[in-house]
Structure formats: structure tokens, C-alpha cells
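Residues in the sequence shown are numbered from 0 upward in steps of one, following numbering that gives the first Met the number 0. The structure appears below as C-alpha cells.
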Amino acid sequence: MKALAIRLADRVGIVAIVAIFVLPWLWMASLAFKSRSEIFRLPPQLLFPVTGDNFYIAFLTKGFDADLANTFVVAGMSASIAMLVGVPAAFAISRSAKKLDQIFFFVLTTRMLPPIAIVLPLFLVLSDIGLVKSVWGIVLVHSAANVSLVVLLMRSFFDRIPLEVDEAAQIDGASIREVLIGNVIPLAVGGVVLTGFVAFLLSWNEFFFASVLTTVENRTLTVAVPGLVTPHGTYWGQVAAVGTVATIPSLIGLWLLWMFVAHRKSA
0 MKALAIRLAD RVGIVAIVAI FVLPWLWMAS LAFKSRSEIF RLPPQLLFPV TGDNFYIAFL
60 TKGFDADLAN TFVVAGMSAS IAMLVGVPAA FAISRSAKKL DQIFFFVLTT RMLPPIAIVL
120 PLFLVLSDIG LVKSVWGIVL VHSAANVSLV VLLMRSFFDR IPLEVDEAAQ IDGASIREVL
180 IGNVIPLAVG GVVLTGFVAF LLSWNEFFFA SVLTTVENRT LTVAVPGLVT PHGTYWGQVA
240 AVGTVATIPS LIGLWLLWMF VAHRKSA
């Protein structure tokens with residue numbers, strides 16, 4: 000009886016935690032499909048006329064489709080660069096027998112710096128090389144910020160792969176690069192995908208650097224959304240529409256995480 004009560008309490012707690020995170024998203028998604036009159040209707044109706052006007056106005060009239068494309072480009076390129084740099088670095092640190100731990104610690108300390116403390120030097124450097132207010136400028140900043148996370152996560156995955164895998168491949172004549180690409184990464188492919196997507200999401204959701212280093216032509220969604228708050232009022236339906244679309248990558252990330260955990264449990 001006591002065990003049943005504990006399991007029931009666990010289930011109730013899990014449902015409550017899920018509800019705390021899911022219900023606000025469902026509320027936002029419902030606002031995206033409501034007309035302005037329905038949004039301000041009291042009491043709110045569970046059944047309401049569905050409209051796609053908010054998506055049409057936001058993405059096809061106000062240009063949020065270009066901001067969405069910019070966000071995909073910035074997040075995709077920065078995550079790719081961070082993975083290209085971070086994965087080999089994580090492999091080298093993992094196989095260094097603690098010889099590179101100081102470098103690893105230095106890489107991690109870059110995540111501890113508050114963005115406000117480094118934005119001015121970054122702005123000046125990017126201005127000198129002609130990359131300020133350009134897509135490449137924000138891509139480089141996001142890439143540099145995400146490398147430390149990639150190294151941290153990928154090192155933990157590589158540490159779980161026995162050194163015998165490397166040694167067996169090297170006996171067969173494989174180089175270090177071939178060992179990494181042909182033997183180690185396939186064994187850690189789930190971690191590689193998960194880490195790459197986390198790096199993508201961090202760039203996708205980043206606001207501070209993007210607000211300083213981009214213009215109207217190359218801004219990301221996080222920078223564009225505040226433009227819907229005007230002195231004449233807030234366009235809540237369009238805010239909800241953009242927010243709903245912007246959360247889709249996060250939902251995909253949660254699904255990938257769930258698949259990864261389920262695979263680890265079944266392995």
C-alpha cells in the first residue's frame with residue numbers, strides 16, 4: 000500500500016511538472032489561431048473559430064519569413080562550425096590522459112563570461128574586420144560561444160568509448176582522423192546528433208548578441224519579435240504565431256532527447 004502511494008505521488012508530481020511547462024505553450028498556440036476579438040474575449044472559450052490570419056500577417060506581410068530564414072541560417076551555420084571545431088577538440092582531450100585538462104578548463108571558462116562584459120570588444124573587433132551587422136559576424140560569435148558546450152558534452156560521450164577501439168583501428172593502419180571519423184563517431188552518433196541540436200537551439204534562442212550585432216536585414220526571430228510591441232498596442236496574435244513557430248525546433252529537440260534516453264535504456 001505504501002509503495003502504491005509513493006508511485007501515485009510520483010505520477011502526480013510528474014503530471015504537475017509537465018503541466019507547468021506544457022499548458023503555457025498550449026495557451027500561446029491557441030492564441031495564434033484566434034482573431035483579435037477572441038483573444039480578448041472573457042471568459043476565454045475552449046472552442047473558437049480558427050483563423051490563420053496571424054501567421055499570414057506576421058510571416059507574409061510583416062516579413063517574419065525572412066527573419067525565420069535568417070535564424071535558420073545563423074543557427075545552422077554556427078552549430079556546424081561549433082561541431083567541426085568542438086568534436087575533434089573533445090576527442091583530443093578525451094584521449095589525452097588528463098594532459099589537456101588545463102585547456103579543457105580554459106575552454107569551459109569562456110562560458111562563465113557574462114555577455115555584457117565582452118560585447119563591446121567583440122563589436123570593435125568585428126567592426127575592424129568588416130563583419131559587424133552581418134550574418135557572418137553573429138555566426139562567428141555564436142560558434143565561439145557554443146564550442147565550449149560541444150567540447151563539454153562530446154568529451155563525456157567519447158570517454159565512454161574504450162581505448163581499445165582506437166588501438167584496434169590503429170593496428171589496422173588507421174590514422175587519428177580515420178579513427179575519429181570511421182570508428183569513434185559512429186559509436187557516439189546519438190551524442191553527436193544531440194550535441195549538434197543543442198548547439199543549434201542555443202544559437203536559435205540567443206538574443207543579446209543578435210540584438211547588438213544584426214540589422215533589420217539580417218536579424219533573427221528573437222530580435223524581431225519585440226517589434227510587435229508598439230506604442231499603439233501589442234499584436235498578441237502575431238506574437239503568439241511567431242512564438243509558436245519559434246518553439247518548433249525546441250519540440251524537435253525534446254523528441255530527440257526522449258529518443259536518445261529511450262535508446263540508452265533499451266541498449
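Even for Gly, the Cβ is constructed at its ideal location relative to N, Cα and C. Just so we're clear, the structure is a prediction, and the values are computed from it rather than from any experiment.
Do you know offhand how far residue i's Cα is from residue j's?
i: G62; j: V222; result: 13 Å
i: A57; j: L201; result: 24 Å
i: V17; j: I170; result: 50 Å
i: N217; j: G189; result: 32 Å
i: D100; j: L7; result: 45 Å
i: V150; j: F196; result: 14 Å
i: M82; j: R176; result: 15 Å
i: S210; j: L250; result: 24 Å
i: N69; j: A91; result: 33 Å
i: S142; j: Q44; result: 44 Å
i: L152; j: V192; result: 11 Å
i: A187; j: L255; result: 15 Å
i: V134; j: V73; result: 7 Å
i: F157; j: N182; result: 11 Å
i: R110; j: L25; result: 32 Å
Between the options, which has its C-alpha nearest residue i's C-alpha?
i: E205; options: D64, S133 and P114; result: P114
i: V86; options: P42, T70 and I184; result: I184
i: G75; options: I19, I137, P48 and L250; result: I137
i: Y234; options: R35, P42, D9 and P23; result: R35
i: P248; options: V215, A198, P120 and P225; result: A198
i: R154; options: V106, S77, S29 and L59; result: V106
i: T108; options: N145, V84, L125 and K132; result: N145
i: K33; options: A240, P23, G252 and I160; result: A240
Under the three-state reduction of DSSP, which class applies to residue i: helix, strand or coil?
i: G181; result: helix
i: G190; result: helix
i: G172; result: coil
i: F206; result: coil
i: P161; result: coil
i: R218; result: coil
Below 8 Å on the Cβ atoms is my guess for residue i versus residue j; work out the distance and round it to an integer in Å.
i: G236; j: A2; result: With 8 Å as the limit, G236 and A2 do not qualify as a contact, their Cβ atoms being about 49 Å apart.
i: T213; j: K132; result: 7 Å
i: I67; j: V228; result: Here residue 67 is Leu; the residue named in the question, Ile, does not match the sequence. Going by Cβ atoms, the distance from L67 to V228 rounds to 19 Å, so no, they are not a contact pair.
i: V140; j: L121; result: 6 Å
For a test of your reading of the model: does the CB of residue i fall under 7 Å from any non-hydrogen atom of the ligand NAD? Yes or no.
i: W257; result: For the ligand NAD, the structure offers nothing, since it holds no ligand at all.
Next item on the list: Please go through the region 84–157 and give each complete alpha helix (DSSP H) segment of 4 or more residues, from N-terminal end onward.
Entry: With a minimum length of 4 residues, the continuous alpha helix (DSSP H) runs that stay inside the region 84–157 are 100–108 and 114–127.
Notebook entry, point to check: Which runs of the alpha helix (DSSP H) fall wholly inside the region 30–69 and span at least 4 residues, in chain order?
Noted result: 35–38 and 52–55
Next item on the list: Can you check the region 225–251 for any alpha helix (DSSP H) of at least 4 residues that lies completely inside it and give the ranges in chain order?
Entry: 235–245
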